[in-house]
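Chains as they are written, first to last, in my numbering: chain W, 1 to 879; chain G, 1001 to 1107. Working notes for the structure below.
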Amino acid sequence: MEFVHRLWSWLRREARSRDLQEEMQLHLELKAQEHIARGASPEDARRQAQLDFGNASLVAERSRERWGFVQLEDIRRDVAYGVRQFVRNPAFSAIVVLTLALGIGANSAIFSVVNTFLLKSLSASHPEELVKIGIQPSGELEQNAFEYLRDHQKTLAGLIAWDDGNIAAVIDGKPDIITVDYLSGNFYSLLGVDPLAGRAFTPADDVPGAPAVAIISYEYWRERFGLDPSVLGKRVQLKDVACTIIGIARPGFRGLRTGGTAAKITITAQWHAQLTLKDNTTFSLFGRLAKGVSRKQAEADLGLAYRQWLLPETKKVSDPRERQALLQQTIVVSPARQGSLEFDRRFVVQLRLVEAVVALVLLIACVNLANLFLARGTSRSREIAVRLALGAKRGRIIRQLLTENLMLASCGGALGLMLSVPFMRLFALILCGNANAEALGIQMDGTVLAFTAVLSVACGILFGLVPALRSTDKRISPSFPGQSTTSGTRLRSHRILIVPQVALSLGVLILAGLLLRSLQRLQQVNLGFDRQHLLCFWLYPTLSGYEGQRELDLYDRVLDAVRRVPGVRAASLSRLTLRHRGRRHGLAIDGAVNADAPFVFNTAAPGLFDALRLPLLMGRDFAPQDGLLAQSVAIVSQSLAHKYFAGRNPLGRRIGMVNVEPGVSRTIVGVVSDMKFSSRDEAPAAAVYLPYAQAPQTLRGQAEIKVNTLVDPAVMIPAIRNQVQAVAVDMPPVKILPDQELQDFESREERSLASLLAGFGALAFGLAILGLYGTVTYSVSQRTRELAIRFALGATRRDVLWLIVSESMRYVISGILLGWSLAGGASHAIESFLFEVRGLDPVTCAWSIGLMTITALVAAYVPARRARRIEPMAVLRSE
Amino acid sequence: MESKSLLPGTLDLLLLKALLLEPMHGYGIAQRLRQISGDVFQVEEGTLYPALQKLLAKGWVAGEWKQTENNRRARYYKLTAAGRKQLQTQRAEFEKVLGAIVRVMEA
C-alpha cells in the first residue's frame, strides 16, 4: 500500500510539490490575517506568520521524503553531479578510468586463469563427491591394481581409471598423431555427463572382447571433420585396432581436467596396454564416494584392498630396495572436486606469483590515484567547504565523493573487462604456451564477472575513501584555500604513500632480475656436446604398429635417408630422449653389486657420439653388428670409468644394471667423454650407453633422432622432413626442432615467469616513479609561500632544491630498504625456478636498487627545479 | 519532529483525533490543536505538513481539494476507515503508557 503510494507520488511529484506549496501559502496567509486581526501591521503579520510556521523549505524537504524513494533519488542526483564533474575534467577522468581498466583487466584475466586451473569444479554432477586415489610416499597404480581395487572396494559408487597420451590414428587413409584419453567404461555414467551426440561408453564397452569404440571431442569434430554429423559410425585405425566413433563430447568437455586442451579422442581403458608406449603401464584413479561414506572410510577400505593385492606382487620383486619401497606404499584418498590438477607445483607457484604481482600493480595504481584525488580534493575543498557551511552533513558529502569514485571505478571495471580478453590470451600464451585461451577453458564466466565487480568496487573505495575523509575533515581542510599551506601533516601523509610504492615495485624488480640472471646462467651451461648444429625429432613406431625387427629396420631406413640429405654431417638416435632426468641406482662392476651407485643410461645407435660431437676417448663406437643376438656390450662415460676403474683400463670389463636389466652383464667396449643430461645438472652424470638394438623391453617403441648439420640447422628442416616422409609413408609427419629450442623448452617455465615478472615489474616501477613525480610536483605547488619566504630570508636556490629532493628521498630510501627485505622473503617462493643464483643475489640487488635510486632522484629533481623559478616578491605580494 | 513540547510519537495521534470530528485543512488543524490544548503545544506549525504527508502515505487520511468559507481552494484532510482503526489502537496504546507513567509518578 505504502509502496504504491510512494510510487504514485513519485510519478506525480511535480503536482504534489505544487499542492504542498499552495497549501503552505494558504496557511501563511490565513496566519497573517489572524495577526492583522490582532492589530499587527501587514509587514509584521507576515513576518510573525513565517516565524510561527518555521523553515518552509525544510518542511517541503521533509514532506517530499514521503514521496518516492529518497535514497535512490539522492544516488541519482549524486550520479548526475558526478557526470558533470567528469565532463568538466575529461582528461583527469580518462586517466583514472584507463589506469583502472588496465589494472582491473590484467587482474580479471589472471584470475580467470587461476579460476580455470585452481578453483573451478569439474563439470560433473555432485563434483564434491569425487575423490582421487593416489599412493604415498610414491608410486603409481598399474592396470591390474586398478582391476583388483575396482572388484574389491566397498566404499565407492565406482572407480575410474584414466591415462592420457598420444596415439597414431589413421583416418581416411591419413596418419596423424593425436592426443588421447583412456577412460574406464563407467566414466560417463559415474560423472553423470552425456555426450553431445551419439552415445557414451558403458562398462560393457570396456571388457576384453568388446569392439573398440571411441568418443571424439567437440573441438576435434570441428577442426578435423567440419562438424559433419556422419562422423558417427566412422572407422578410425589406431595401430592395429579398428575403432568406431560412437559419440561426440560436449563443447569444452575435458574429461577430468578443468583447464588445458581436451584430448581429441577418448577410448576405453582396456586398449591402453596394446596402444601406448611400452614404458607406460599406469593409470590415475578417481572415484565417487558412495552415499554416507567419508574419505577416511574409503581410504581404509581401499588401503586394505591394495595391501591384499600388493603382498603377492612384492614377492616378484628381486631388488630389496624396490621391495621395501613397495611395502611402504599406502593409499591416499584426496578430494577431487576440481578433477585431476595434474600440473606440477611449479605451475601453481608461477600462477600465484603472477597473480600477486598483477595485484600489486593494481595496488600501486590505486595508491597513485588516491594521491591524485588527494591533490584534487584540495582543489575542490572550496566547493566542499561551502557545502559544509550551508549545512550539508559530512556523511552526505563523503557519500557524494564516494559515488563519484565508484562511478569512475565501475567505468574502469567495465573497460577492464573488455581489456581482460587480450590479457587472457597473453597469459595463456606465456603460461600455457597457447594463445587460444578459450580452447584451454580460460574464459569469462560468472565467477570472473563477480570478481571483477568486487575488485572495481574495492578499488573505488580504496582510492576514494581516504581522500574523501580528508577533504571533508574540518580540522584539516582550510576553510578557504587558494592560499598555499606550509609543510604540515597534509604533505607528510601525502608523501608517506611513496614508501609502499617504491617498496613493492622494487621487490618485483629484484625478483624479475633474479629470474633473468638465472636464465642467463642456464643458457650459458655447457652440456658437453655440440648444440649449435643439432636438429632433433622423435619417432613413435610402436603407436603405428611397428614391433621388434620391423621397428629397427624403420630406424635404419630413416637414418639412411636422413644421412643422404645434402648438408647433413651425421645422424643417429637414442631410444630415450637425451635430456631425460631419470636417475637409476644399482650397478654391478665385474659381478660386484653396488646397490647405491647412481647412474643415467640410454641407448645409442652407431654414430650417436659423432653426431653429438662427443669425443670417444677409448675403444670403439657401437657398430651395426651389435645386434640383438650378438654379445651384450656397453659404452661408459668418462666420469663412470674414472669412478669405478680409477687408473685401470675399463675396456673388456663387465658392467650390469641390476634394476634395469636384472641378470644381464655387458662388456665395456668404449669410453666416451662426459655430457650433462640436463642444464640443471650439477656435474656430468655417470652414464651407461647400450646399443639401440639391445635396448631393454621398456625402452622400445620410440626414438629421438639427432641430426648434425653443416649449415644452420633451421634451414634443413623441410628437406629432412620430406626424406623421412618418403621412407616412412605410414608414419605421421614428425615435428623437427633445432636442439637450441629444446633447451629453451627446458627452461620455458623460468622464461615465462621471468617475462611476466619483468613486464609487470616494469609497469609497477613506472607507476611508482610517476607517483613520486606527482607527489613532488604537488608538494612544490602547495608550498610556494613557504619557499618564497625561505628565498626572501636568504636561502639559495641550491638549498631549496636540496631541501625538496632530500625530503622525498628520505621516503624513497625507506621504501628501498623495505622492498629489499620484501624481495628477500619472496625469493623463497621462486627458489625452484632459480639456477646458480641464490636468494638475494648481490649483483641483481645492486642493479635494481641502483636503477630505483637514480630514477627516483630524477623523478624528484625535475619537479623540484620548478621551485627555483619561484619569484619571492611576486608570490608574497599576491597573498 | 522538532516539537519540544510534545511527547515523541504523539503528533500522529493528535492529528487523527483532531480530524475525528470533521475534515479540516492544515491551518484549521493547527488552530484546533492550539485551542484544545490551551496553547500548551507550541509546535512550529510547518511541522504539521510532513506529518500529514506521512498519514496520507499510510492511508490513514485522505486529502480532498475544496472551497473554504472564504472561497479559497484548500486541501481538506478526512479520516479514513483505516485511520479510525489506527486512532483506536494508538489511543489504547497511549493510555496504557500514560497510565503506567502516572502510576510510577504517584507511587
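Note that CB positions come from ideal geometry on N, CA and C, so glycine has one too. Remember, it's a predicted structure, so these values are computed and weren't measured experimentally.
Range covered by the beta strand (DSSP E) that runs through residue i
i          : result
Asp-880(W) : Limits of chain W in this structure are 1 at one end and 879 at the other, which puts residue 880(W) out of reach.
Pro-650(W) : Looking at the DSSP string, Pro-650(W) is not in any beta strand (DSSP E), and its letter there is neither H nor E.
Val-131(W) : 130-136
Arg-883(W) : As displayed, chain W neither begins before 1 nor continues past 879, which places residue 883(W) out of reach and without an answer.
His-585(W) : 584-589
Collapsed DSSP secondary structure at residue i in the structure displayed
i           : result
Phe-286(W)  : strand
Val-213(W)  : strand
Val-671(W)  : strand
Pro-897(W)  : Residue 897(W) is absent from the structure shown; chain W starts at 1 and stops at 879.
Arg-257(W)  : coil
Pro-478(W)  : Low confidence applies to Pro-478(W): its pLDDT is 48, below 50, so where it sits in the model is not reliable, and the reading given next is rough at best. Note: Pro-478(W) maps to coil in three-state DSSP.
Arg-1075(G) : strand
Ser-808(W)  : helix
Gly-766(W)  : helix
Lys-1004(G) : In this prediction, Lys-1004(G) scores a pLDDT of 45, lower than 50, which makes its location untrustworthy; the coordinate-derived value is nonetheless stated afterwards. Of the three classes helix, strand and coil, the one that applies to Lys-1004(G) here is coil, per DSSP.
Gln-50(W)   : helix
Trp-538(W)  : strand
Ala-385(W)  : helix
Phe-760(W)  : helix
Thr-709(W)  : strand
Val-636(W)  : strand
Extent of the continuous alpha helix (DSSP H) to which residue i belongs
i           : result
Val-451(W)  : Correcting the residue identity first, residue 451(W) is Phe in this sequence and not Val. Looking at the DSSP string, the run of the alpha helix (DSSP H) that includes Phe-451(W) is 446-471.
Ala-571(W)  : Element bounds for Ala-571(W): not the alpha helix (DSSP H) but the beta strand (DSSP E), 568-574.
Ala-1100(G) : 1081-1106
Ser-112(W)  : 90-114
Phe-201(W)  : Unbroken run through Phe-201(W): none, as it is neither H nor E.
Tyr-880(W)  : With chain W running from 1 to 879 in the structure shown, residue 880(W) is simply not present.
Pro-320(W)  : 320-327
Asp-610(W)  : 608-612
Buried or exposed (CB count within 10 angstroms, at least 16 for buried), residue i
i           : result
Lys-1085(G) : exposed
Ile-245(W)  : buried
Gly-591(W)  : exposed
Lys-264(W)  : buried
Arg-877(W)  : exposed
Phe-765(W)  : buried
Between the CA atoms of residue j and residue i - distance to the nearest angstrom
i           : j           : result
Thr-853(W)  : Pro-500(W)  : 15 Å
Ala-305(W)  : Gln-338(W)  : 26 Å
Ala-588(W)  : Leu-159(W)  : 42 Å
Ile-331(W)  : Gly-303(W)  : 5 Å
Ala-161(W)  : Arg-76(W)   : 59 Å
Lys-1058(G) : Gln-1031(G) : 24 Å
Ala-212(W)  : Ile-267(W)  : 8 Å
Arg-564(W)  : Arg-257(W)  : 45 Å
Arg-1072(G) : Gly-391(W)  : 36 Å
Leu-465(W)  : Leu-362(W)  : 17 Å
Leu-756(W)  : Arg-521(W)  : 19 Å
Glu-29(W)   : Ala-1062(G) : 24 Å
Phe-645(W)  : Gln-740(W)  : 34 Å
Asp-163(W)  : Leu-515(W)  : 34 Å
Met-1001(G) : Phe-373(W)  : Residue placement at Met-1001(G) is poorly supported in this model, since its pLDDT is 38, which falls under 50; the coordinates still yield a value, given next. Near 39 Å, if we compare the C-alpha coordinates of Phe-373(W) and Met-1001(G).
Val-568(W)  : Gly-586(W)  : 38 Å
Arg-884(W)  : Leu-818(W)  : Nothing can be reported for residue 884(W), as the shown portion of chain W is limited to 1 through 879.
Trp-8(W)    : Arg-16(W)   : 10 Å
Gln-25(W)   : Val-87(W)   : 39 Å
Phe-92(W)   : Met-407(W)  : 14 Å
Pro-696(W)  : Ala-641(W)  : 22 Å
Leu-455(W)  : Ala-414(W)  : 11 Å
Phe-601(W)  : Pro-127(W)  : 43 Å
Contact test: residue i Cβ vs the ligand ADP heavy atom, cutoff 6 Å
i          : result
Leu-534(W) : The ligand ADP is not part of this structure, which contains no ligands at all.
Count the CB pairs spanning the region 455-463 of chain W and the region 401-416 of chain W that are closer than 8 Å, and state whether there are at least three.
-> yes
Given 8 Å, three or more beta-carbon pairs between the region 807-825 of chain W and the region 846-860 of chain W | yes
Would you call the region 650-660 of chain W and the region 707-727 of chain W in contact, with 3 or more CB pairs under 8 Å?
-> no
Any chance the region 138-148 of chain W sits against the region 283-299 of chain W, with 3 or more Cβ pairs inside 8 Å?
-> yes
Counting Cβ pairs, one atom from each stretch, are 3 or more of them under 8 Å apart for the region 866-875 of chain W and the region 782-791 of chain W?
-> yes
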